[in-house]
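The numbering of the sequence shown is full-length UniProt numbering, which starts it at 1 and goes up by one.
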Amino acid sequence: MEDLPPDYPDQDLLPSYETITNTTSHPTKNVLGPATLYISGRFIYSTDPQAPPLYEFSHSIGYLHETDRSVKVERVDQVVKTSAGTPQVVLRNRHLFDLKHPTAAEFPNFVYHAEAATRRTLCSFGASTFRAGGILRHGKGYRFERAVKGADRKLEAQDALFEVSPSRDKAVGYEWRDAQGELIAREVKDEMASMSLVITAAEMSPDMRDALAAAWIIRIWWDLSNEDSSAMRLMMVNASRGRRILCSDKIRRWLALYLSSHHAHCSAKDMSNGRMDMDNLI
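Structure below.
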């Protein structure tokens with residue numbers, strides 16, 4: 001079964017953080033505190049066992065390859081709707097970014113970039129790499145820059161957004177810093193997840209966290225596109241399976257919400273059989 005996002009006729013007409021008065025997700029004018037995010041299949045979750053996923057992607061992250069060209073990024077909002085006087089929580093996907101990996105024949109300014117899906121998204125941005133560290137210890141760093149389309153319709157770099165460098169701490173893979181050089185997040189590994197993003201910033205706007213999550217996926221995608229990425233890919237796939245086992249109770253709690261928001265896109269055969277493609281859902 002093809003897993004399709006909700007059909008919104010005009011993304012710019014979607015209620016913004018400020019205008020959705022009946023949503024249980026965070027409004028733009030508020031700030032978010034420290035959090036830990038992790039990847040499972042096509043989703044990014046927080047560590048809250050009662051919460052649905054925070055973000056959904058069109059591809060399973062662990063299976064991204066060099067030949068993939070575009071990945072859709074959506075934020076999963078919880079919205080309270082009232083029907084017959086009874087409030088009901090439903091999930092609504094909001095299109096944020098399209099992550100792009102153009103072919104060399106297109107002569108792109110960025111090997112990977114993110115295109116903002118609406119004017120309400122923080123910005124479009126491009127990714128590049130640099131050599132990090134000294135002579136005895138070096139690695140690959142990543143730089144993300146705000147970008148706008150130039151006269152040739154290609155994205156051109158503007159101001160800095162994030163910089164990502166390998167950490168000296170063996171328990172930490174990468175450290176993420178903002179445009180002012182302040183540490184905002186660390187990528188760590190544990191026995192179940194190939195990696196988690198620990199957001200350390202005391203305060204972060206929701207739209208900045210949206211961009212951070214999208215940039216994180218670009219960094220992973222770039223790594224997975226390398227020839228020596230087989231070990232990392234295996235870790236991510238196994239981690240996704242492990243998370244599915246550990247989070248089965250959590251998934252059952254929000255699966256009904258997810259299906260109620262997406263039931264129009266499920267085939268009659270799938271629904272009558274009472275089963276779904278669980279790899280796509282989780």
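Where is the CB? At the ideal position from N, CA and C, for every residue including glycine. Here the structure is a predicted model, which is why all the values come from computation and not from measurement.
| Asked | Found |
| --- | --- |
| Distance, residue 159 Cα to residue 93 Cα | 29 Å |
| Proximity of residue 143 and residue 123 at Cβ, strictly below 7 Å | no |
| 3-residue-minimum beta strand (DSSP E) runs that sit fully inside the stretch 73-143, ordered along the chain | 86-100, 112-116, 124-133 |
| Residues near residue 150 by beta carbon distance below 6 Å, same chain, minus five either side | 156 |
| Closest residue to residue 121 among 222, 209, 30, 32 (Cα-Cα distance) | 209 |
| First and last residue of the uninterrupted beta strand (DSSP E) at residue 159 | 155-166 |
| Cβ distance (whole Å) where residue 114 is taken to contact residue 97 below 8 Å | 4 Å |
| Counted within 10 angstroms of its Cβ, other Cβ atoms place residue 100 as buried (16 or more) or exposed | buried |
| According to DSSP, residues forming a beta bridge with residue 38 | 45, 196 |
| Cutoff 6 Å; reference residue 165; Cβ partners in own chain excluding five residues on either side | 132, 141, 175 |
| Alpha carbon of residue 152 to alpha carbon of residue 110, nearest angstrom | 14 Å |
| CB-CB length for residue 197 against residue 37, believed under 8 Å | 5 Å |
| Outcome for residue 186 when other beta-carbon atoms lying within 10 angstroms are tallied against a minimum of 16 | buried |
| Nearest to residue 226 (by Cα), restricted to the options 70, 63, 205 | 63 |
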